[in-house]
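When you read off a place in the sequence shown, starting at 1, and then add 2, the result is the number in my numbering. Think of the CB as a built atom: it goes at the ideal place given N, C-alpha and C, for glycine as much as any other residue. Bear in mind that the values here come from a model prediction, so they are computed numbers and not experimental data. Here is the structure we will look at.
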Amino acid sequence: MLDSIDSSEIEKTIEKALSQIKEDTIKKETCILIYKLTDICKKARMFAEMPGPLKNLAYNALSIQLFQRTACINKWNKSNIISIVNKSINHIKLVIRMIVDLAEELHDSDKKEAFYNLMGENHIVMANSYVLGSDSFNFIINKLCKEASIKQLNHNLSAEKALAMLSMQNQIKMCSRLQRALNILMQYSSTSIASDKNEISDLNATKLKISNDDIYSLQLLKQTSNLDNMSDFLGNSVYKSIYIKTKTS
């Protein structure tokens, strides 16, 4: 499955990560390794044959698969990790194939496109990706704040309050703050988040085409990352929170 990828690049990435992983840094180094592996797969256009809207879904789902499978590793070595990457890619391709097969039953091209867009904008997948990789995502959010000279949120703002504020409309009142934050992460996670923390010095809001209000939504999401039930909330209630009824004329 990795035939289309430069095996030496994969091996060097894994070897570097293994040399840095220690008991007290395993979570951080594993997170960096997973996003680097996902980035390598993206550069190799691993899912190039998939319909456009499903590609981001595939890469975000790949990250989740890698997180889940590496969590079960008893012995960290290169062959184990390569095996995990292969199994994860095979699993994602199988899932996407099932989605495509379902779409083929829709003979109307507009309905098929709408179905692909709906599946491609899967906030549940991105929400779970955020929970698993929150350390790296939060580093990015902090950097965006610094680059835009935006102060950190008040430390007295509770995670529960931030969660409630995420359900409110954003400044342009097109969607909830949670939906906007997840949209941004879905769009840029496979590019900006995939890099090592020392390799994103040029990251800024202008490059990502996001506003200060967008950064505020990301800050609120970051404020909730320490909630004990954050994963349950995002897994069970995210759609109830991101869809806001708009007035019809």
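Nearest to methionine 167 by C-alpha distance, out of Gln225, Leu39 and Cys74, is Gln225.
Between the alpha carbons of glutamate 115 and methionine 121 lies a gap of roughly 10 Å. Two segments are said to touch when three or more pairs of C-beta atoms, one from each, lie closer than 8 Å; by this definition the segment 142-156 touches the segment 212-223. Contact between threonine 32 and leucine 64 is ruled out by a C-beta separation of about 15 Å, above the 8 Å threshold. For the set Lys57, Glu17 and Leu187, the Cα lying nearest the Cα of leucine 146 is the one of Leu187. Spanning the alpha carbons of lysine 211 and isoleucine 217 requires a straight line of approximately 11 Å. One Cα belongs to isoleucine 126, the other to serine 136, and the distance between them is close to 15 Å.
Taking the Cβ atoms as the reference, lysine 80 lies roughly 5 Å from isoleucine 16, within the contact range of under 8 Å. Secondary structure at serine 138: helix, using DSSP grouped into helix, strand and coil. Using a 10 angstroms sphere on the CB of lysine 38, the tally of other CB atoms reaches 16 or more, which defines it as buried. The segment 89-101 and the segment 42-51 touch, with three or more beta-carbon pairs separated by less than 8 Å. Contact between serine 90 and leucine 68 holds: their C-beta atoms lie close to 5 Å from each other, under 8 Å. With 16 or more neighbouring CB atoms inside 10 Å of its own CB, arginine 182 falls in the buried class. Sorting Arg71, Val102, Leu104 and Asp103 by C-alpha distance to the C-alpha of asparagine 88 places Arg71 at the top.
Boundaries of the alpha helix (DSSP H) around glutamine 221: 214-225. The continuous stretches of alpha helix (DSSP H) do not include asparagine 76, and DSSP gives it neither H nor E. For leucine 120, the enclosing alpha helix (DSSP H) begins and ends at 111-122. Less than 8 Å divides the Cβ of isoleucine 84 from the Cβ of isoleucine 12. Here serine 178 carries a strand assignment [DSSP, helix/strand/coil]. For alanine 166, the enclosing alpha helix (DSSP H) starts and ends at 161-168. Counting only the Cα atoms, aspartate 110 lies some 13 Å from leucine 104. For the options Lys45, Val102, Ile98 and Leu20, the alpha carbon positioned closest to that of lysine 77 is the one of Leu20. Within the same chain, Ile75 come within 7 Å of asparagine 82 by CB-CB distance, once the 5 residues on both sides are set aside. Closest in C-alpha terms to alanine 161, from the list Asn228, Leu59, Ala60 and Cys43, comes Asn228. Collapsing the DSSP output to three states places glutamine 173 in coil.
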